Amino acid sequence: TYSLLAANDDSASSPFNSRITPLCLTPGQTYYVQLDGFGTGTNGAFFLNLVEENNGVAMQSFLSGAYVPSLGLMHDSLRVVGVLPTTEPYTAAPYNKPVLGETAGETIDPSLLTVTGNDAIVDWVFIEVRNSTTPSTIVATKRAVIQRDGDIKAANGGDLVFTSLPAGSYNVSLKHRNHLGVMASAA
């Protein structure tokens, strides 16, 4: 499959421009940019600048209350019985966690609630990205979901990405409403 990003036909009525607004591309997807020589404004110069921007964090953890040692997985009972909140619970009372650098109010993609096996959702978690020099300083927060195999993902099931963070080294804290928080040193 492919997507057409832009096509400039030098027409005032064209919905396309010769300059493409920056946008996020999906890995594995093929994209085409159409170049044409229509009109008198074409001078032969063409520039395509692709920049990889990945502020992704690969995290894995286990919640001891849900962990089943004989399986090496957590149980997903909240999802199974239909009581897993579909909207993140951390920005409202009684938790009132700060929202820094990222938006809040994430909701689980409904299709994720039908996933079973290792990637089934166990519960919501709260992530704090902290300054590596002064770990008491929180620089960004995000709400995410944790899967049975311990993978922590965005609420849409995708990779956990912090769009507001510049590249760097940070301490990462993971919290859950019924467990003690943990913090990894600079990663």
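Following this note's numbering from start to finish, the sequence shown increments by one per residue and tops out at 222. C-beta: ideal position from N, C-alpha, C; glycine also. Small disclaimer: the values here were computed from a predicted structure and weren't measured.
In whole angstroms, give me the CA-to-CA distance for T227 and K132. Summary: the structure shown does not reach residue 227, with the chain confined to residues 36 through 222, and so no result is reported for it.
For N213, count the other beta carbons within 10 Å of its own beta carbon; 16 or more makes it buried, fewer makes it exposed. Which is it? exposed
In angstroms with no decimal places, state the Cα-to-Cα distance between V207 and P145. 28 angstroms
From which residue to which residue does the beta strand (DSSP E) around V217 run? 214 to 219
For the region 171 to 181 against the region 144 to 161, do three or more pairs of beta-carbon atoms, one drawn from each stretch, fall closer than 8 angstroms, so that the two count as touching? yes
Please identify the residue among T198, D186, M109 whose C-alpha is closest to the C-alpha of G136. T198
Which residue comes first and which comes last in the alpha helix (DSSP H) that contains R183? For R183, there is no enclosing alpha helix (DSSP H), as DSSP marks it with neither H nor E.
When we look at the beta-carbon of A80 and count the other beta-carbons within 10 Å, is it buried (16 or more) or exposed? Confidence is the limiting factor: at A80 the pLDDT is only 46, short of 50, which leaves the residue's position unreliable, though a coordinate-based value still follows. Exposed: under 16 other Cβ atoms inside 10 Å.
Can you pull the DSSP bridge partners for S208? E163, M218
Could you tell me the alpha carbon to alpha carbon distance between A128 and I162, rounded to whole angstroms? If you take the alpha carbons of A128 and I162, they lie about 17 angstroms apart.
What distance in whole Å lies between the Cβ atoms of A190 and E141, which are believed to be in contact at a cut-off of 8 angstroms? Correct: roughly 4 angstroms between the Cβ atoms.
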